[in-house]
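Asks: Residue 507 in our numbering sits at position 259 of the sequence shown; the count goes up by one each step and never skips. No residue lacks a Cβ here, since even glycine has one placed at the ideal position from N, Cα and C.
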Amino acid sequence: MSTGILPVVENVDEKHDDSHLESAEIKADDVILGDDLTSKVPHSAGLAVIEQRRAIPLAGKRQVATKWEYWTFVLFFLNSNASPIGGPGGNIRQATLTLSHPDGFMNWAGARQPVNTVLLDISGILTAVTVVVMFVLGPYADYGNWRPWIMIGAEVITWGCEFGMMSIKDVSQWQTANVLWALGGIALTIVGAFYQATYPSMVRDLPKMIQSEEDVLHGLKSPEEHEKLDAYERAKIFNWCNIWGSFGSVVVFGIGIAVSKAVGFADTSALLHAYRVLMAYYTPIAILVTVPYFICMKWRPAQQVPSGYSMWTVGPRQVIYAGKSIVQLKQCLLYLCAYVFLFEAIGAFLSIYFILQLETIHYNPVISTAFNLVGDLCGGAGCAVILYLHRRYDWKVKWIMFVSAIFSLFPCLWGALGSFTHKIGFHNVWEFWFMQVWNLVTSACSSYNVTMISEVAPATKLFMFYSLFNTISKSTGFAGPFITAAIIKQSHGNNNYAFWFLVGLGIIAIVLLYFVDTDKAKIDCAVCECGRAGYRISLRV
């Protein structure tokens, strides 16, 4: 008997047709490691990682990842941290709206509303539009070879909005500022979602990962060793992204502080001028860090369009597939629920937090930029530490995510306590400095939540599932700003009461996250993908 582990694949139906999802006779027990039938499912996560990528035919050959592609991907991440549409662009949007209504109220939706309520309502509307766009684009991206064009096109739109922001010279242009901010925000969200969905396949196409797969299939290493390497390499690149994004931002924001001081911001006109200058400074940087990846990235093949279907009809079928398979992928569904509650809490927290921050520092661009600098410095340091600990102690991705989620909930509780006192609760400038330093222990959440999606989602459906996660979390984000805005309105403008709602969401997320089993998720994905392709798998010695 051979000592190698070789895949024996039986074709149940030669056609690649998603209808096999319900009818294929594949079960978790069909995945077998060697002759030890007692070790069927619980110990086969490593083989499941390999097999789910091989089950569905691709529209081209596997593309080996290069060092240039890897490191330009990391370079690209600075666009997420230093994107001017979300930095000075967001400040221009809020400053023009707030300063054009000095009494703090404005006519909105047929009533006299607090400006902060309107800001949150606009965020909710933006989220609703983003949901629709992601729902349309996401399902198509797992087929053919065209998906890089989505990210490139969205990035170009972002650049256009950033250049457009430079034309805002007076607070009376608040409508234009909000439209540009919203359009740029939608485009940036698309770029972020597709950027995240790109990296798992790139990592798994690294030469070391391809060799590891071959070693497993020839019995030279255990599936568990491959699974640990796969999880670590996926976590490593996004930690490198966060480390580079943070320390790169320190340099970028440090220069931004000098620019702000040199320009000055003594009055409203000077303030807007300072932000326009910052937009002119940050936008070329965004272009410089994104273009190299667009040049170096490999256009990896997605799935073949199933026989009998056109490219235009596979999108809706992807949505149907997601609805059917999510029941089979119970661990993915569980993490999806945890993800929704956690990032609804974090996202809504940040919306309120940044409103309070800008009001507390009176829109001072120097202090605002300094906050970003300190937060990114601490975030990068935190990611470097957690990457070392992950490698040193071989921690599972799930538990790193769980602990960082608990730390991420603390700022919501801090804000909620401000309902009863002005000593804490984001009423003082020092608290905003403290929260930048707190990024040391929350930064892992921003990198490991991305890795967690690739832990529980099928390898051949990552673009759809990353879009699904973003879409569903954004759909709750559509309700969240309206709920927090309503709470603020009912409390007569007391922003801190809204934090209690976010604390409750965060607690639900942490409880759900505790019960996610990533090993079982990988088995579920392999079973689902092979069943969909019409195959029975038996990995025998």
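Just grab the DSSP bridge partners of GLN361 for me.
Replies: MET354
Asks: If we call anything under 8 Å between Cβ atoms a contact, is ALA586 one with LEU760?
Replies: Going by C-beta atoms, ALA586 is nearer than 8 Å to LEU760.
Asks: Would the region 508–516 and the region 311–326 be scored as touching if the rule is three or more Cβ pairs under 8 Å?
Replies: no
Asks: Rounded to whole angstroms, what's the CA-CA distance from GLU461 to TYR696? Just pull it up for me.
Replies: 23 Å
Asks: Might you give, ordered along the chain, the residues of its own chain that have their beta carbon closer than 6 Å to the beta carbon of GLY496, omitting 5 neighbours on each side?
Replies: So the list reads LEU326, once near-sequence residues are dropped.
Asks: To the nearest angstrom, report how far apart ALA596 and ASP765 are at their CA atoms.
Replies: 27 Å
Asks: Are the beta-carbon atoms belonging to GLU410 and MET527 less than 8 Å from one another?
Replies: yes
Asks: Given this structure, state the Cα-to-Cα distance separating HIS610 from VAL689, to the nearest angstrom.
Replies: 28 Å
Asks: Taking the continuous alpha helix (DSSP H) assigned at ILE416, which residues delimit it?
Replies: Counting along the chain, ILE416 sits inside no alpha helix (DSSP H), nor does DSSP assign it H or E at all.
Asks: Taking Cβ to Cβ, would you say LYS456 is nearer than 8 Å to ASP463?
Replies: no
Asks: Quick check on PHE747 - is its C-beta less than 8 Å from some C-beta in chain D?
Replies: Here there is only one protein chain, and chain D is not present.
Asks: Going by alpha carbons, who is nearest to ALA629 out of GLY493, LYS578, LEU367?
Replies: GLY493
Asks: Check ILE771 in the structure and name its three-state DSSP category.
Replies: helix
Asks: Let me make sure I understand the geometry here. Which of THR378, LEU665, LEU753 has the alpha-carbon closest to that of ASN744?
Replies: LEU665
Asks: VAL381 and ILE434 - do their beta-carbons sit closer together than 8 Å?
Replies: yes
Asks: Which two residues bound the contiguous alpha helix (DSSP H) that contains TYR530?
Replies: Counting along the chain, the alpha helix (DSSP H) containing TYR530 begins and ends at 516–544.
Asks: By the DSSP assignment, the alpha helix (DSSP H) with ILE594 in it spans what residues?
Replies: 578–608
Asks: Cα separation between CYS776 and PHE711?
Replies: 17 Å
Asks: Could you tell me the boundaries of the alpha helix (DSSP H) in which THR314 lies?
Replies: Per DSSP, THR314 lies in no alpha helix (DSSP H) segment and is marked neither H nor E.
Asks: Name the two residues that bound the continuous alpha helix (DSSP H) containing TRP748.
Replies: 746–762
Asks: Exposed or buried, which one is ARG360 when buried takes at least 16 other CB atoms within 10 Å?
Replies: By the neighbour-count criterion, in which a residue is buried when 16 or more other Cβ atoms sit within 10 angstroms of its Cβ, ARG360 is exposed.
Asks: Starting from SER497, trace the alpha helix (DSSP H) both ways and give me its first and last residue.
Replies: 471–511
Asks: Within 10 angstroms of its Cβ, does ARG482 collect 16 or more other Cβ (buried), or is it exposed?
Replies: buried
Asks: Alpha carbon to alpha carbon, how far is ALA774 from LYS671?
Replies: 53 Å
Asks: Rounded to whole angstroms, what is the Cα-Cα separation between GLY440 and GLU403?
Replies: Cα to Cα, GLY440 sits roughly 10 Å from GLU403.
Asks: On a Cα-Cα basis, can you pick out the residue from PHE324, GLY432, SER348, THR344 that is closest to PRO332?
Replies: Checking every option, the nearest Cα to that of PRO332 belongs to GLY432.
Asks: With 16 other CB atoms within 10 Å as the buried threshold, where does LYS315 fall?
Replies: exposed
Asks: Determine contact between the region 602–621 and the region 500–508, defined as no fewer than three beta-carbon pairs at a distance below 8 Å.
Replies: yes
Asks: Report all residues from its chain with a CB closer than 7 Å to the CB of GLN576; omit the five preceding and five following residues, and keep chain order.
Replies: ASP772, CYS776
Asks: Taking the C-alpha atoms as reference points, what is the distance between LEU269 and PHE658?
Replies: Since pLDDT at LEU269 reaches only 32, below the 50 mark, its modelled position is unreliable, and the value read off the structure follows with that caveat. Roughly 42 Å separates the two Cα atoms.
Asks: On the DSSP letters alone, give me the boundaries of the alpha helix (DSSP H) that ASP624 sits inside.
Replies: It spans 613–641 - the alpha helix (DSSP H) in which ASP624 sits, taken as one unbroken run.
Asks: Leaving out five residues on either side along the sequence, give the residues of the same chain with a beta carbon under 6 Å from the beta carbon of VAL812.
Replies: The chain is shown only over 249 to 789; residue 812 falls outside these bounds and no answer can be derived.
Asks: Which same chain residues end up closer than 6 Å to ALA522 when comparing Cβ atoms and leaving out the 5 residues on each side of it in sequence?
Replies: SER508, VAL511, PHE513, PRO613
Asks: Please report the distance separating the alpha-carbon of ARG640 from that of TYR480.
Replies: 11 Å
Asks: Hey, quick one: how far does the alpha helix (DSSP H) through GLN247 stretch, first residue to last?
Replies: In the structure as shown, the chain begins at 249 and stops at 789. Residue 247 is therefore absent and cannot be evaluated.
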